[in-house]
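Residue numbers (my numbering): 1 to 323. The C-beta atom is built at its ideal place from N, Cα and C for all residues, glycine as well.
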Amino acid sequence: MTLLQVENLKKHYIAPKRWLSPRKPPIQAVDGVSFSVARGETLSLVGESGCGKTTTAKSVMRLIEPTSGSVQLDGEELTTLGAEQMRLRRRDVQIIFQDPYASLSPRLAAGEIVGEPLRNFDMHSRAERRERVAWLFDKVGLRPESVTKFPHEFSGGQRQRLGIARALALNPKLIVCDEPVSALDVSVQAQVVNLLMDLQAEFGIAYLFVAHDLAVVRHISHRVAVMYLGRIVEMADRDTLFSAARHPYTQILLSAVPVPNPRTPAQRMLLQGDPPSPANPPSGCRFHTRCPLAQAVCSQQDPALSDRPSTSAGGHQVACHFR
Ligand code: SF4
Numbered sequence: 001m002t003l004l005q006v007e008n009l010k011k012h013y014i015a016p017k018r019w020l021s022p023r024k025p026p027i028q029a030v031d032g033v034s035f036s037v038a039r040g041e042t043l044s045l046v047g048e049s050g051c052g053k054t055t056t057a058k059s060v061m062r063l064i065e066p067t068s069g070s071v072q073l074d075g076e077e078l079t080t081l082g083a084e085q086m087r088l089r090r091r092d093v094q095i096i097f098q099d100p101y102a103s104l105s106p107r108l109a110a111g112e113i114v115g116e117p118l119r120n121f122d123m124h125s126r127a128e129r130r131e132r133v134a135w136l137f138d139k140v141g142l143r144p145e146s147v148t149k150f151p152h153e154f155s156g157g158q159r160q161r162l163g164i165a166r167a168l169a170l171n172p173k174l175i176v177c178d179e180p181v182s183a184l185d186v187s188v189q190a191q192v193v194n195l196l197m198d199l200q201a202e203f204g205i206a207y208l209f210v211a212h213d214l215a216v217v218r219h220i221s222h223r224v225a226v227m228y229l230g231r232i233v234e235m236a237d238r239d240t241l242f243s244a245a246r247h248p249y250t251q252i253l254l255s256a257v258p259v260p261n262p263r264t265p266a267q268r269m270l271l272q273g274d275p276p277s278p279a280n281p282p283s284g285c286r287f288h289t290r291c292p293l294a295q296a297v298c299s300q301q302d303p304a305l306s307d308r309p310s311t312s313a314g315g316h317q318v319a320c321h322f323r
């Protein structure tokens, strides 16, 4: 059952006009992105740096105001809500940030940080809040006595557990995970990813998971959307995407994932050149300036994201004239 429905979401940044200089074209950070997330599902947004995945995720919860498009949570349109209505709706949509240290107030003890959303929404009495915070600490694997510690007294992994406990405090339906493990040591990443999966299994939370590490994405996702220059170019369930990717960009990204078997060396494909500017994206297919399969039509006609034959319920969509 669909929890989040995003249609034609756009975020264009318009540079201020300077005196005597021509107006610069808007930066099309996100340009017409559509996807859905079901209850209890993890949809990952992947792509190279600057492709618009974080902007998409933050626009969904209006931490960044979208330029246009529709975002519906449980059938309710979020983009037209007033500030107070949106604040109340954020009980259902929480976020875990990339840098746990920067996202936690250094002046508050851990128990206050985790209990802050409960206070903000005036939930529970003081004693009940203390009890709920202790329960949340237990759920994320932190010792109950650490409620009085400050963020700098925790390790990186423990700080991210604190961020998860805070996101969990209000029983959200959806958590936006913005690169939640990329600032952590590799040894700690798996623990945090497994914790997120355990919490999803227990509470049925959906995740919109932003990441560039495809090994992590493969482990945690049910479905994956690949973004390039502000657009989704391929979307499929995890197994289809990792075993039968069709879009040339996805295939190049996947070829960079290390293969742990020395008998089957990776066939690495290299991405040519730098990503074009989102202020002046290429005509036609946005990937044509770097695509090894590009033909004349690719620079003239923009391929729509459309269905390909698939046996999975979520289908397999690709934006390419030839794949
Ligand atoms: S439409 Fe053309 S340029 Fe774009 S991905 Fe397909 S082959 Fe490459």
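- Proximity of the stretch 5-12 to the stretch 64-72 meets the contact definition, three or more beta-carbon pairs being nearer than 8 Å.
- For cysteine 285, the Cβ falls inside the 6 Å cut-off from some heavy atom of the ligand SF4.
- In the DSSP assignment, serine 44 forms a beta bridge with Phe209 and Val224.
- One thing to note: threonine 42 has its Cβ within 7 Å of the Cβ of histidine 222.
- In this structure, DSSP gives serine 59 a helical state, which the three-state scheme calls helix.
- The ligand SF4 has a heavy atom closer than 6 Å to the beta-carbon of alanine 294.
- The DSSP-derived three-state label of arginine 231 is strand.
- Distances between the C-beta of histidine 321 and the heavy atoms of the ligand SF4 include at least one below 6 Å.
- The Cβ-Cβ distance between glycine 230 and alanine 29 falls below 7 Å.
- For leucine 293, the three-state secondary structure derived from DSSP is coil.
- Its Cα nearest to that of alanine 38, the residue Leu208 stands out among Met61, Leu208, Ile96 and Gly156.
- For cysteine 291, the distance from the CB to the nearest heavy atom of the ligand SF4 is below 6 Å.
- DSSP places glutamine 158 inside the alpha helix (DSSP H), whose first and last residues are 156-168.
- Of all alpha-carbon atoms in Thr311, Gly315 and Leu271, the one lying nearest the alpha-carbon of leucine 253 is that of Leu271.
- Relative to the Cα of proline 100, the nearest Cα in the group Pro180, Gly115 and Gly111 belongs to Pro180.
- The C-beta distance from arginine 91 to leucine 170 rounds to 5 Å, short enough to meet the 8 Å contact threshold.
- With respect to lysine 53, leucine 45 sits close: the two C-beta atoms are nearer than 7 Å.
- For proline 303, the CB falls within less than 6 Å of some heavy atom of the ligand SF4.
- With a cutoff of 6 Å, cysteine 51 does not count as near the ligand SF4, since its C-beta is closer than that to no heavy atom of the ligand.
- The bridge partners DSSP lists for glutamate 76 are Leu73.
- At a cut-off of 6 Å, the beta-carbon of proline 276 does not count as near the ligand SF4: no heavy atom of the ligand is closer than that.
- Here asparagine 194 carries a helix assignment [DSSP, helix/strand/coil].
- When beta bridges are read from the DSSP output, tyrosine 13 appears opposite Ile27.
- Collapsing the DSSP output to three states places cysteine 298 in a helix.
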